[in-house]
Amino acid sequence: MTWAAVALLLTGVLLNAAAQLLLKAGTNVLGVITLTRGNWLAVLWNMATQGYFVLGASCYVVSLFVWIIGLSRVPVSVAYPLLSVGYVVNAIAAHYLFGEAVTVQRWLGIGFIVVGVWLVAKS
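Here's what the structure looks like:
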């Protein structure tokens, strides 16, 4: 795996993680989202015009294209596990940005993920 391929894949992962964080920020602004027959259009409009949602969706779109370019250079069996790096990024960012608790058990799970990704990348 070349450094360019790694850079593309990690960029895709980081953009995907950023998308998740931005979407969560959007839900923090809008509150609990409940769709009903009578409100679905208004709710979708609120989501479509909420800045965090727009930025989050944009990050998803860009991450998709970057990821596809990365996949053209690396076997999917190697690339796909790298998505797990997003767990680490999101856990740390959610703790600092949203005050979410990251327990010892969660850190242990994240540690297993990191070791697993490292093992797959080395194979």
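Start counting the sequence shown at 1; every next residue gets the next number (our numbering).
C-beta atoms are modelled at their ideal positions from N, C-alpha and C, and glycine is treated no differently.
Residue i, buried or exposed, once every other Cβ within 10 Å from all chains shown has been counted against 16
i, result
"residue 16", "buried"
"residue 63", "buried"
"residue 70", "buried"
"residue 18", "buried"
"residue 119", "exposed"
"residue 12", "buried"
"residue 86", "buried"
"residue 53", "buried"
CA-to-CA distance, residue j to residue i, given in whole angstroms
i, j, result
"residue 66", "residue 8", "6 Å"
"residue 39", "residue 56", "23 Å"
"residue 21", "residue 94", "7 Å"
"residue 51", "residue 30", "11 Å"
"residue 42", "residue 60", "23 Å"
"residue 58", "residue 91", "21 Å"
"residue 81", "residue 25", "26 Å"
"residue 74", "residue 1", "7 Å"
"residue 102", "residue 44", "31 Å"
"residue 48", "residue 37", "18 Å"
"residue 112", "residue 99", "23 Å"
"residue 5", "residue 110", "24 Å"
"residue 83", "residue 23", "18 Å"
"residue 97", "residue 27", "14 Å"
"residue 68", "residue 114", "23 Å"
"residue 33", "residue 79", "33 Å"
Cutoff 8 Å: residue i Cβ touching any chain D Cβ
i, result
"residue 25", "The displayed structure is made up of one protein chain only, and chain D is not part of it."
Residue from the options whose Cα sits closest to the Cα of residue i
i, options, result
"residue 107", "89, 83 and 121", "89"
"residue 77", "122, 27, 28 and 35", "122"
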